[in-house]
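Residue numbers (the working numbering), protein chains in the order written: chain F, 346 to 797; chain Z, 346 to 797. For glycine and all other residues, C-beta sits at the position ideal for the given N, C-alpha and C. This structure is a prediction, so every number in the text was calculated from the model and none was measured.
Following this line, the structure appears as C-alpha cells:
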C-alpha cells in the first residue's frame with residue numbers, strides 16, 4: 346500500500362495546498378491492478394455492468410439519438426454503444442450522453458456527482474484505441490473514479506452552491522485521469538493531462554434546473570474532454586501543473602472558498618467503494634421516498650384508487666423537488682409528487698412508466714413536508730411515507746437512505762436484473778465476461794458484449 | 346435599424362436581467378447582411394484576413410502540430426488551415442488552436458478577450474459544411490463577435506478576477522452564435538444553442554499564468570463547443586434559455602457579482618468595430634511599450650551595444666509582466682523585459698525572433714516602473730520608453746495605446762504585409778477574394794485561398 350498518496354493539505358479559506366495536481370497525477374500514474382483492494386475492483390466491475398445496461402438503453406433515448414444525428418459516428422473502431430463503431434472521440438462524447446440521459450447512472454453522495462458516465466466512456470475509448478487489456482481498463486476506471494470523487498468532495502458543497510454541476514466539472518478530471526492512466530506512461534504527461542482537463546471543466550446546474558438535455562451533455566463532454574486531454578498530453582501538449590490549486594486555478598475560480606471546510610479528502614482511499622447504484626430513473630433525492638413507498642406497496646394489499654392521501658416527510662433538498670406540473674420528461678425526473686404518483690398508481694417506476702404520461706390527480710393527493718429532525722441527519726437522505734386509505738387504514742414506511750448505497754448495496758444479480766429490465770431481449774449471460782476477461786483486449790470484450 | 350435589440354437591463358450585485366439569453370438569440374437569429382453597417386462588414390473582412398495569416402503560420406507551430414498529431418484530421422471536407430481537409434468538428438478545434446497559439450490574433454480591450462480565434466473557426470466550419478455563401482459567413486462572423494464581446498464586457502472585470510480566461514468562456518458563446526447563425530433557422534434553436542454553449546464555457550487563466558499550451562486550446566475548444574452546440578440545437582437538443590442570467594447560470598457561477606457595475610453592454614452595437622489587431626506575437630499589454638521602442642529605433646541611429654539603460658514607465662498590469670528569465674516560448678510572450686530586449690537588439694519582434702532565444706544581458710539593462718499617473722488613464726494602455734545611451738544621449742517616446750486599436754487601426758495593406766511576413770511564399774494577391782467573393786460558397790473561397 347506504500348504507493349498511495351494521501352493529500353493531507355487542508356484547503357480552507359484562501360489557503361490552498363500546493364502540489365495537489367501533481368500528487369493526484371502521481372497516484373494515477375503509479376496505480377497498478379495489484380495495488381487495488383479486491384472490493385474496489387469488484388465494485389468497478391459492477392459499475393461497468395451498470396453503465397453498460399444504462400447506456401445501452403440510453404442510446405435509444407431522444408437526447409442520445411439527437412446527439413448521434415447531430416454529430417454522426419465518424420469513422421473508427423471505437424464502440425458507440427448500441428450503434429456499432431465510430432470515431433474514438435465521438436464515442437466518448439456519445440457514450441457519456443447515453444449513460445447519463447436516463448438519470449439512472451451511478452453516483453457518490455459526498456462528491457455530489459455521477460462519476461461513471463464521465464469516467465467509463467473515456468476509459469473505454471482510450472482502451473479500445475490502444476489495445477489495452479480489460480484489467481488495464483478496470484485499473485483506469487478505479488483511477489478515474491478516484492480523481493473525480495476526490496475533486497467532488499474537495500470542491501463541494503461550495504462548488505454546487507455557485508451553480509456548477511459537479512458531474513461535468515469534476516467529471517472532466519476523472520475522465521482525464523482514466524484516459525491518461527491508459528495512454529500516458531509517465532507522471533509528467535499525466536500532470537499535463539490533468540492541467541489540460543481542468544481548464545476545460547464545465548457544466549452549469551442551470552441546464553438541469555431548466556429541465557434541458559444540456560445536462561446529459563455534461564457527462565459526454567467531460568468524457569470527451571478527458572480523453573482529448575490525455576491524447577494531447579501524450580503528444581507533448583502542456584497543461585498547468587497548478588490547475589487545481591493555483592491562484593487562477595479551479596478551486597479559486599469555481600468554488601466558494603468557504604465551501605470546503607472539513608478535512609481534505611484522501612487520494613488512495615478507493616472512493617469507488619462508496620459509489621451508489623440506482624434503480625429508478627429519477628433524481629437521487631427522490632429515491633428514499635420511492636423505496637419507502639415501494640415497501641408499502643409490497644407489504645400491503647390495496648389499490649391506488651383506495652388512497653385518500655399520502656404524506657411525505659423528508660429532508661429539505663428532497664422536499665424542494667415539488668413540481669406538480671412538470672413540462673418535460675427531464676422535469677418529471679425532478680418531481681417528487683409525480684414520480685411517487687406514478688409508482689403508487691402503477692406499482693413500478695421504470696423508464697417506460699415515465700414516458701407514458703402521468704395523472705395529476707394522483708399527484709395532487711400527495712403532500713410533502715420538511716421534517717426538521719431529518720435535517721440533522723448529516724449525509725443521510727431520510728424519508729417517511731404515510732399512506733392513508735379511504736377505509737381509515739394508515740400504512741407507513743421509513744428509509745434513512747435509498748437502496749443501492751454502500752450501506753445497502755445492490756448485488757451483481759440485482760444489476761443484471763436492472764440490465765434485463767432496461768434492455769429486454771439482451772442475452773444477459775454474455776455479461777459474465779466482465780468477471781472473467783481480465784487478460785483480453787477491451788476491444789474483444791466489447792465485441793463479445795455486443796454479440797459480435 | 347429596427348431589428349437591433351438593446352439590452353438595457355443592468356446586472357449589478359445580485360440583480361440579473363431576465364431574458365438576456367433570448368434577447369441575444371433574437372439578435373443573432375434576425376441579423377442579416379443588409380442590417381450591418383459597412384464599416385462593420387469591412388472590419389469583419391479585415392479580421393478574417395488577419396485570422397488567416399495568423400492561423401496559417403500557427404498551423405506549423407509546435408502546439409498546433411502536437412494537437413494535429415493527437416487528434417488527427419478525421420475525414421471530411423472542412424478546411425484544416427495549412428493541412429488540407431478533414432472532419433468539421435476537428436477543423437474548428439484545430440483552427441482555433443492555430444489562430445491563438447502565436448498570441449497574434451485580434452482582441453477587444455473592454456471584453457478582455459480574443460474573439461476571432463473562437464468565432465471564425467466555428468463560423469468557417471459551419472459555413473463549409475452547409476454550403477453557405479461568403480456573405481452569410483461574414484454575417485455569422487459579425488453575430489459571433491457581437492455575442493462574444495457582449496458577454497466579455499458583461500462578465501468583466503469580475504470574471505477575469507476570479508481566474509477565468511474570457512477567450513475560452515465568452516468565446517464559446519461567440520462561437521455558438523456564429524455557428525447557429527448559419528446552421529439554425531429559428532430563434533428557439535439559437536436559444537438552445539446558446540444554452541448548450543454556455544454550459545460548456547470553460548478556460549482558466551492558470552493555463553496562461555503557468556505558460557502552458559492549454560491556453561491555446563481555449564480558443565479551439567470554444568470554437569468546437571460552439572459548433573457542437575449549434576449542431577445539437579439544430580437537431581432538437583435543448584439548452585437552458587436562462588443560461589446567462591439564471592440562478593444557476595453563467596453570471597452567477599462565473600463572475601464576481603460585484604465585478605460588473607457599469608451600464609450593461611449593448612447587443613446591436615456592432616462591437617466588431619472596436620476590435621484591435623496585433624503586430625507583435627506577445628501579450629497585448631506589452632505592445633505600447635514595444636511600439637514606443639520601435640519609434641525610437643526608427644527615428645534614431647544607434648546600435649544596441651550603445652544602450653546603457655532603458656526605463657519603461659507604464660501602467661500596473663503591463664509592469665507586472667516582469668519575468669527576466671522566462672522558461673518557455675509561451676512565457677517569453679508574457680515577458681516585457683525579454684520582448685523589449687529582443688526588439689532593441691534585433692530591431693524587430695517577429696515570431697522567429699522569439700524562437701531564436703534571447704540575451705538576458707540586454708534584458709538586464711531594462712528597468713520597469715509603474716507610473717501612478719498612467720493608472721488614471723482608464724481603458725488606455727500607456728507606456729513611456731526612455732533609452733539612455735552610453736554617450737549621454739537620451740531618447741524617449743510615449744504611446745497611450747498601441748497601434749492597431751480602433752483609435753489608430755491597421756489598414757488592409759498593413760495586414761497583408763503582416764500576412765506576408767508570417768507566411769513568406771504565400772501569393773498574397775489571392776487574398777483579394779476576401780473583398781469580392783460575397784456570392785460564392787465559402788468552400789470555394791477557401792479553395793481559392795489555399796491555392797486549390
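| Query | Result |
| --- | --- |
| For chain Z, is any of its Cβ atoms less than 9 angstroms away from the one on residue 560 of chain F? | yes |
| By Cβ distance below 8 angstroms, which residues in the same chain neighbour residue 750 of chain F in space, the five residues on each side in sequence not counted? | 454, 621 |
| To the nearest whole angstrom, what separates the beta carbons of residue 551 of chain Z and residue 686 of chain F, a pair I think is in contact under 8 angstroms? | Residue 551 of chain Z to residue 686 of chain F, Cβ: 48 angstroms. No contact. |
| Hey, would you say residue 440 of chain Z sits closer than 9 angstroms to residue 568 of chain Z, going by beta carbons? | yes |
| Could you tell me the boundaries of the alpha helix (DSSP H) in which residue 672 of chain Z lies? | It is not in any alpha helix (DSSP H) - residue 672 of chain Z carries neither H nor E in the DSSP assignment. |
| Which residues, taken in chain order from the segment 574 to 594 of chain F, show a beta carbon closer than 8 angstroms to some beta carbon of chain Z? | 576, 577, 579, 580, 581, 582, 583, 584, 585, 586, 587, 588, 591, 592, 593, 594 |
| Does the distance from the C-beta atom of residue 634 of chain Z to that of residue 571 of chain Z stay below 9 angstroms? | no |
| Quick one: is residue 422 of chain Z buried, meaning 16 or more other Cβ sit within 10 Å of its Cβ, or exposed? | exposed |
| Going along the chain, which residues of the segment 518 to 536 of chain F sit with their C-beta nearer than 9 angstroms to a C-beta in chain Z? | none |
| Which residues of chain F have a Cβ atom closer than 7 angstroms to the Cβ of residue 545 of chain Z, listed in chain order? | 547, 566 |
| Can you tell which of F:744, F:777, F:743 has the C-alpha that lies nearest to the C-alpha of residue 757 of chain F? | F:777 |
| Under a Cβ-count criterion, where at least 16 other Cβ atoms within 10 Å of its own Cβ denotes burial, should residue 605 of chain Z be classed as buried or exposed? | Here the model assigns residue 605 of chain Z a pLDDT of 49, short of 50, so the residue's position is not dependable and the matter cannot be decided. |
| Since residue 557 of chain Z meets chain F, which of its residues come closer than 7 angstroms, beta carbon to beta carbon? | 540, 583, 584, 585 |
| Look at the alpha carbon of residue 601 of chain F and the alpha carbon of residue 496 of chain Z, and state the distance between them as a whole number of angstroms. | 22 angstroms |
| Mind listing the chain F neighbours of residue 368 of chain Z? Cutoff is C-beta to C-beta under 8 angstroms, in chain order. | Within chain F, no residue comes near residue 368 of chain Z; the closest Cβ sits about 17 angstroms away, beyond 8 angstroms. |
| In chain Z, which residues lie less than 8 angstroms from residue 415 of chain F when you measure between Cβ atoms? | 573, 576, 577, 579, 580, 582 |
| Taking C-beta to C-beta, are residue 526 of chain Z and residue 391 of chain Z nearer than 9 angstroms? | no |
| I'd like to know if the segment 578 to 590 of chain Z and the segment 541 to 555 of chain F are in contact, where contact means that at least 3 CB-CB pairs between them fall below 8 angstroms. | yes |
| On the three-state DSSP scale, how would you describe residue 513 of chain Z? | helix |
| So, is the C-beta of residue 764 of chain Z closer than 9 angstroms to a C-beta in chain F? | no |
| Any heavy atom of the ligand FAD closer than 8 angstroms to the CB of residue 710 of chain F? | Questions concerning the ligand FAD fall outside what the structure shown contains, since it holds no ligand whatsoever. |
| When the Cα atoms are used, what is the spatial distance from residue 603 of chain Z to residue 503 of chain Z? | Reliability fails at residue 603 of chain Z, whose pLDDT of 47 lies under 50, so the model's placement of it is uncertain and no value is given. |
| Nearest to residue 397 of chain F by CA position, among F:783, F:653, F:784, F:762, is which residue? | F:762 |
| Quick one: residues in its chain with C-beta nearer than 7 angstroms to the C-beta of residue 492 of chain Z, no 5 flanking neighbours on either side, listed in chain order? | 369, 373, 518, 519, 522 |
| Rounding to the nearest angstrom, what Cα-Cα distance links residue 591 of chain Z and residue 794 of chain F in this structure? | 43 angstroms |
| Quick one: list the residues of chain Z neighbouring residue 550 of chain F, beta-carbon separation under 7 angstroms, in chain order. | 593 |
| Take residue 748 of chain F and list the residues in its own chain whose beta-carbon comes closer than 8 angstroms to its own, dropping the five residues that flank it on each side. | 624, 632, 636, 755 |
| State whether the segment 639 to 653 of chain F contacts the segment 470 to 477 of chain F, with contact taken as three or more CB pairs (one from each stretch) at a distance under 8 angstroms. | no |
| Do residue 690 of chain Z and residue 704 of chain Z have their C-beta atoms closer together than 9 angstroms? | yes |
| For chain B, check one thing: does any of its Cβ atoms lie closer than 9 angstroms to the Cβ of residue 597 of chain Z? | Absence of chain B from the displayed structure is noted, the protein chains being F and Z. |
| With distance defined between alpha-carbon atoms, name the residue in Z:428, Z:707, Z:731, Z:667 nearest to residue 410 of chain Z. | Z:428 |
| Rounded to whole angstroms, what is the Cα-Cα separation between residue 561 of chain Z and residue 443 of chain Z? | 8 angstroms |
| Which one of Z:724, Z:506, Z:401 has the shortest CA to CA distance from residue 771 of chain Z? | Z:401 |
| Who does residue 747 of chain Z pair with in a DSSP beta bridge? | Residue 747 of chain Z is not bridged to any residue. |
| Beta-carbon of residue 420 of chain Z versus every beta-carbon of chain F: anything under 9 angstroms? | yes |
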